[in-house]
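Numbering (our numbering), first residue to last: -13 to 277.
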């Protein structure tokens, strides 16, 4: 069983790298990317969501899958190197990749409303790698003792506080910008780029908040406090999904079109609703930061 899981992890990681590399090469060609099952791969991989902090998503995918394939190959051929710290690091990396894949899939489903079959295949491989990691640890093939979470307790707390601080700061800046937008319904291209970056900062903060929260769960943090913060994280995910993936991108896109054609299709009601959601996010991030 251990051999099967190792080979599966290596194969899945290599498959993910091939998919990411295929998208990377295809985007640099003048022709549209071929997409099976009547998908819209080219539209998705060239959309405004195709970069995260300015880095193309396919490059991030190539880096992750290459690191995963290398690590699991080392674990397979040199099992003695699968020490708790290495298993802990790969489990954390696989968990982050899984959350990021969910984020990208959500964008396709509810924002772009278009599907990239290659992207979905990559998300599926990322999910399988995460689940295989869970079984890998659960079956005892790699040991992550509870003591390792206690050993990294201060780092987990620092990550938790850093994510809360980043999320709170990004939400405050977003609220200020939206307050200005509500007053005049005008937004420059530079301001739109800032809002897009802020949404990515918020999602990155949520990912770190969730992962550090799970780490604290296995340390001496206390179950009641962790459950409380987990509930807050769930609310943050919901609010961020509505605000940063449903309302804001469409509003920004319509506003930038207004700059070109002179007719603003964004209503003041929509702008005010987005502001209310943003203020709610600020309050919740503050709760995470304080408590």
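Beta carbons: idealized from backbone N, C-alpha and C, even for Gly.
| Query | Result |
| --- | --- |
| In the DSSP assignment, find the alpha helix (DSSP H) that holds residue 228 and state where it starts and stops. | Run containing residue 228: none; DSSP gives neither H nor E here. |
| Could you check whether residue 9 and residue 44 sit closer than 8 Å to each other, using their CB atoms as the reference points? | yes |
| Measuring alpha carbon to alpha carbon, tell me which residue in 255, 237, 264, 201 is nearest residue 224. | 264 |
| For residue 37, write down the residues that DSSP places opposite it in a beta bridge. | 42 |
| Nearest to residue 111 by alpha carbon, out of -6, 94, 200? | -6 |
| Going by other Cβ atoms of all chains shown within 10 Å of its Cβ, with 16 needed for buried, is residue 290 buried or exposed? | It is not possible to answer for residue 290, since the shown part of the chain is limited to -13 through 277. |
| Would you report the Cα separation of residue 144 and residue 138, rounded to the nearest angstrom? | 10 Å |
| For residue 66, count the other beta carbons within 10 Å of its own beta carbon; 16 or more makes it buried, fewer makes it exposed. Which is it? | exposed |
| In its own chain, which residues sit with a C-beta less than 8 Å from the C-beta of residue 230, not counting the 5 before and 5 after it? | 185, 188, 189 |
| Looking at the secondary structure, which residues open and close the alpha helix (DSSP H) in which residue 79 lies? | 70 to 92 |
| Let me check understanding here. Comparing Cα to Cα, which of 118, 38, 90 lies closest to residue -1? | 118 |
| Is any heavy atom of the ligand ZN found at a distance shorter than 7 Å from the C-beta of residue 32? | Of ligands this structure carries none, so the ligand ZN is not represented either. |
| On the three-state DSSP scale, how would you describe residue 2? | helix |
| Considering just the uninterrupted stretch of the alpha helix (DSSP H) at residue 16, what are its terminal residues? | From DSSP, residue 16 is part of no alpha helix (DSSP H); its letter is neither H nor E. |
| Let me check understanding here. Comparing Cα to Cα, which of 47, 158, 101 lies closest to residue 262? | 158 |
| Could you check the C-alpha separation between residue 177 and residue 154 for me, to the nearest Å? | 19 Å |
| Taking all protein chains shown into account, do 16 or more other C-beta atoms lie within 10 angstroms of the C-beta of residue 22, making it buried, or fewer, making it exposed? | exposed |
| Buried or exposed, going by whether 16 or more other CB atoms sit within 10 Å of the CB of residue 197? | buried |
| Buried or exposed for residue 220, please, with buried defined as at least 16 other CB atoms from any protein chain shown within 10 angstroms of its CB. | exposed |
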